[in-house]
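J.:
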Amino acid sequence: MNAADQDISREQRIWQVVASIPPGKVASYGQVAQLAGLGRGARLVGRTLHNLPRGTRLPWHRVINAAGRISLPAESQGHDLQKQRLEEEGVLFNVSGKINLSRFGWKP
DNA sequence: GATATGACCGCAA
DNA sequence: TTTGCGGCCATAT
């Protein structure tokens with residue numbers, strides 16, 4: 287048993303939670319962390335998603351920060367891709383680039 | 001081992 | 001609204 291095994295368990299839980307997010311809905315990092323049993327390990331969720339391979343099947347674009355905003359830099363490609371995918375699923379952005387969590391927030 | 005940083009969160013002022 | 005503080009976990013120095 288090494289550190290990698292622990293990491294895999296946590297990553298697996300995070301992946302499971304992220305994969306459970308229905309289309310057209312979004313969840314915050316804290317939400318995912320809580321459901322994955324990580325408590326307040328929101329940072330771990332962010333790190334894990336950042337480490338995802340390019341060809342992943344995971345709907346990582348449905349994970350945003352608590353402010354209803356995309357954490358990635360606006361000039362980053364991931365930001366653009368995330369926004370586009372969300373709009374494809376019907377998630378609308380505010381004029382400020384924010385998402386109405388009361389409407390699109392995932393409620394398990 | 002200690003310190004700093006990071007796709008962060010929640011609360012208080 | 002913004003700012004500051006503590007908390008979580010992994011990685012780098």
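So that you can map any letter, position 39 of the first sequence is 325 in this note's numbering, and since no number is skipped, the others follow by simple counting.
For each residue, glycine too, the CB sits at the ideal point set by N, CA and C.
According to DSSP, is Val312 part of a helix, a strand, or is it coil?
T.: Along the first sequence, read from residue 1 onward, the residue named residue 312 stands at position 26. In this structure, Val312 counts as strand in the three-state DSSP scheme.
J.: Give the DSSP-derived three-state secondary structure of Arg381 in the structure shown.
T.: Against the first sequence, residue 381 aligns to sequence position 95. Checking the sequence, you will find Val at residue 381 rather than Arg. Reduced to three states, the DSSP call for Val381 is coil.
J.: Below 7 Å CB to CB, which residues in the same chain sit around Ile356 once its five sequence neighbours on both sides are set aside?
T.: As a working mapping, residue 356 is identified with position 70 in the first sequence. Ile350, His365, Gln368, Lys369, listed in sequence order.
J.: Alpha carbon to alpha carbon, how far is Pro345 from Arg296? Give it in angstroms, no decimals.
T.: Taking the first residue of the first sequence as position 1, residue 296 is located at position 10. Taking the first residue of the first sequence as position 1, residue 345 is located at position 59. The alpha-carbon atoms of Arg296 and Pro345 are separated by roughly 17 Å.
J.: For Gly391, which three-state DSSP category applies?
T.: By one-based count along the first sequence, residue 391 stands at place 105. If DSSP states are grouped into helix, strand and coil, Gly391 belongs with the strands.
J.: Between the beta-carbon of Ala305 and the beta-carbon of Gly316, is there less than 7 Å?
T.: One-based indexing of the first sequence puts residue 305 at position 19. One-based indexing of the first sequence puts residue 316 at position 30. The answer is no: Cβ separation not under 7 Å.
J.: Taking only three categories from DSSP, how would you classify Ile300?
T.: Here residue 300 refers to the residue found at position 14 of the first sequence. Reduced to three states, the DSSP call for Ile300 is helix.
J.: Counting along the chain, where does the alpha helix (DSSP H) carrying His347 start and finish?
T.: As a first step, residue 347 is located in the first sequence; it is residue number 61 there, counting from the start. Taken as a continuous stretch (DSSP letters only), His347 belongs to no alpha helix (DSSP H), as it is neither H nor E.
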